[in-house]
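Visitor:
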Amino acid sequence: EEDENKKDEL
Amino acid sequence: MNIFRLAGDLSHLAAIIILLIKIWKTRSCAGISGRSQVLFAIVFITRYLDLFTNFISAYNTAMKVFFLGSSIGTVYLMYLKFKATYDHNHDTFRIEFLLLPTALLSLVLNHEFSVMEILWTFSIYLESVAILPQLFMVSKTGEAESITSHYLFALGSYRGLYILNWIYRYYFEGFYDIIAIVAGCVQTILYCDFFYLYITKVLKGKKLQLPA
Chain A
30 EEDENKKDEL
Chain B
89 MNIFRLAGDL SHLAAIIILL IKIWKTRSCA GISGRSQVLF AIVFITRYLD
139 LFTNFISAYN TAMKVFFLGS SIGTVYLMYL KFKATYDHNH DTFRIEFLLL
189 PTALLSLVLN HEFSVMEILW TFSIYLESVA ILPQLFMVSK TGEAESITSH
239 YLFALGSYRG LYILNWIYRY YFEGFYDIIA IVAGCVQTIL YCDFFYLYIT
289 KVLKGKKLQL PA
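Protein sequences, first through last, are from chains A and B. Quick note: the first sequence, position 3, residue 32 per our numbering, numbers continuous. Quick note: the second sequence, position 87, residue 175 per our numbering, numbers continuous.
In structure tokens, the structure reads:
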């Protein structure tokens, strides 16, 4: 779940 | 990753490279707002603090390192190396009027009240208005070199392409971040009159002249 809201955009 | 986000990142990369080429080749930063460049450096520093703690991909890390390095490098070029060519008189937009409201807003409107999240939110809000000193400077000088207008076109397009990326991610991944979307729309809207001038003038080979 935690990985879901990882900021993956620059 | 989708084509819109990749195109956006490449447009952003192109903008920064165009700016560095302009400053390095002409050995001058005339017509460029140092204040906007300082704001961009703050945007990247506050947004990429997780550079070492939050590995997404080699691409993500490489782009973050480049954006951080180039924005800090541009500030160095403008305020130290080519300081003599920096146009203080026309770069007068009060950036405290951008820093304070965005800082306060990031404390009030955020997804989570934690240091990293608030700094990320601050960087999103600040980026949406960071170009104002530059647009203000162009309006004050009444014109911009064509390479500077190409820089602004690439920079304005990047967030516009990100809006398409957010639409794509909403429909195909069910993902959306309302803070990034609203700020990104504001950021892109600020470029609208410049986009109009760029398309009607610069693309026809004319110089970018703002009606005085």
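Cβ coordinates follow ideal geometry from the N, Cα and C atoms, glycine included.
1) Starting from the Cα of Lys294 (chain B), find the closest Cα among B:Ala232, B:Val153, B:Cys273 and B:Gly262 and give me that residue.
2) Name the residues in the stretch 207-234 of chain B whose C-beta lies less than 9 Å from a C-beta of chain A; which are they?
3) Give me whichever residues DSSP pairs with Glu231 (chain B) in a beta bridge.
4) Just mark Gln297 (chain B) as buried or exposed, buried being the case when its beta carbon has 16 or more other beta carbons within 10 Å.
5) Quick check on the burial criterion: 16 or more other C-beta atoms within 10 angstroms. Buried or exposed for Val203 (chain B)?
6) Alpha carbon to alpha carbon, how far is Gly119 (chain B) from Asp179 (chain B)?
7) Starting from Gly262 (chain B), trace the alpha helix (DSSP H) in both directions and tell me its first and last residue.
8) Enumerate, from N- to C-terminal direction, the unbroken beta strand (DSSP E) stretches of 3 or more residues contained entirely within the stretch 160-192 of chain B.
9) Pick out whichever of B:Ile287, B:Ser116, B:Lys169 and B:Tyr164 has its Cα sitting closest to the Cα of Leu240 (chain B).
10) Three-state secondary structure (DSSP) at Tyr279 (chain B)?
11) Just checking: is the beta-carbon of Glu30 (chain A) within a distance shorter than 8 Å of some beta-carbon in chain B?
12) Any C-beta of chain A sitting closer than 8 Å to the C-beta of Asn177 (chain B)?
13) Using a Cβ cut-off of 8 Å, pull out every chain A residue sitting near Asn148 (chain B), in sequence order please.
14) Tell me the residue span of the alpha helix (DSSP H) that contains Thr114 (chain B).
15) Taking the CB atoms as reference points, tell me whether Tyr264 (chain B) and Tyr258 (chain B) lie closer together than 8 Å.
16) At the level of alpha carbons, what is the spacing between Glu205 (chain B) and Gly157 (chain B)?
17) Residue range of the alpha helix (DSSP H) that Ala129 (chain B) falls in?
18) DSSP on Ser202 (chain B), reduced to helix/strand/coil?
19) Ordered along the chain, which non-local residues of its own chain (more than five positions away) have a Cβ less than 8 Å from that of Met166 (chain B)?
Guide: From the atom records:
1) Considering only alpha carbons, the answer is B:Ala232.
2) Listed by position, the residues of the stretch 207-234 of chain B near chain A (Cβ gap below 9 Å) are Trp208.
3) Paired residues: B:Gln297.
4) Gln297 (chain B) is exposed by the Cβ-count criterion.
5) Flag for Val203 (chain B) reads exposed.
6) Using only the alpha carbons, I get a separation of about 9 Å.
7) Judged by DSSP secondary structure, Gly262 (chain B) falls outside any alpha helix (DSSP H); it is assigned neither H nor E.
8) The stretch 160-192 of chain B contains no whole beta strand (DSSP E) run of 3 or more residues.
9) When only C-alpha atoms are compared, the closest one is B:Ile287.
10) Reduced to three states, the DSSP call for Tyr279 (chain B) is coil.
11) The predicted position of Glu30 (chain A) is uncertain, since its pLDDT is 40 and thus under 50; no value can be drawn from it.
12) Judged by the 8 Å Cβ criterion, Asn177 (chain B) is not in contact with chain A.
13) Listed by position along chain A, the residues whose Cβ is nearer than 8 Å to that of Asn148 (chain B) are Asp37 and Leu39.
14) Looking at the DSSP string, the run of the alpha helix (DSSP H) that includes Thr114 (chain B) is Ile91 to Thr114.
15) Cβ distance < 8 Å, so Tyr264 (chain B) and Tyr258 (chain B) count as in contact.
16) Rounded to whole angstroms, Glu205 (chain B) to Gly157 (chain B) spans 22 Å at the Cα level.
17) Gly122 to Arg135 is the span of the alpha helix (DSSP H), which, as asked, contains Ala129 (chain B).
18) Ser202 (chain B): coil per DSSP, three-state reduction.
19) Cβ within range, chain order: Ile111, Cys117, Ile120, Gly122, Gln125 and Tyr174.
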